[in-house]
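If you're matching positions, the sequence shown starts at 1 in UniProt numbering and goes up one per residue. Below: one structure, written as structure tokens.
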Amino acid sequence: MKSQDEKSNYNKGRSLAPEDILKALLDALKNYETSGEKFYDSADLKRLLNISDSTLYRLRKTKSIPFIHFGKKYFYPKSFFDKKAEG
1 MKSQDEKSNY
11 NKGRSLAPED
21 ILKALLDALK
31 NYETSGEKFY
41 DSADLKRLLN
51 ISDSTLYRLR
61 KTKSIPFIHF
71 GKKYFYPKSF
81 FDKKAEG
């Protein structure tokens with residue numbers, strides 16, 4: 001049977017701890033915010049446009065709207081929707 005140290009060494013190269021993943025996500029999102037660009041997530045955009053999951057999926061697949069796929073989440077630049085709302 002493996003000792004606790006051997007088990008932890010075995011998993012080090014295999015996967016990241018959830019805390020490390022969250023930290024990486026937050027750091028990446030902060031970098032986007034510091035560039036001046038703000039983003040909606042999928043829930044915000046569905047509420048804003050009053051659309052369903054399948055409609056949002058279709059818009060992404062047809063590349064009708066810009067998006068960033070980060071991990072399991074999608075983010076949409078607010079500037080794109082602000083421009084569309086203005087005219």
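C-beta atoms are modelled at their ideal positions from N, C-alpha and C, and glycine is treated no differently. Here the structure is a predicted model, which is why all the values come from computation and not from measurement.
Since residue i sits in a beta bridge, which residues does DSSP pair it with?
i	result
D41	F75
F70	K73
CB-CB under 8 Å to residue i, same chain, minus the five flanking residues each way: which ones, in chain order?
i	result
P82	Per the sequence presented here, residue 82 reads as Asp, with Pro not at that position. Correct list: empty, nothing qualifies.
I21	G71
Under a Cβ-count criterion, where at least 16 other Cβ atoms within 10 Å of its own Cβ denotes burial, should residue i be classed as buried or exposed?
i	result
Y57	exposed
K26	The sequence as given places Leu at residue 26; Lys does not occur at that position. Exposed, since its Cβ has fewer than 16 Cβ neighbours within 10 Å.
L48	exposed
Between residue i and the rest of its own chain, which residues show a CB-CB distance below 7 Å, the 5 nearest in sequence each way excluded?
i	result
A17	none
K37	The identity of residue 37 in the sequence shown is Glu, whereas the question assumes Lys. Closer than 7 Å at the Cβ level, and outside the excluded window around E37, lie P77 and S79.
L59	I65
What is the DSSP secondary structure of residue i, reduced to helix, strand or coil?
i	result
S54	helix
L48	helix
L16	coil
K63	coil
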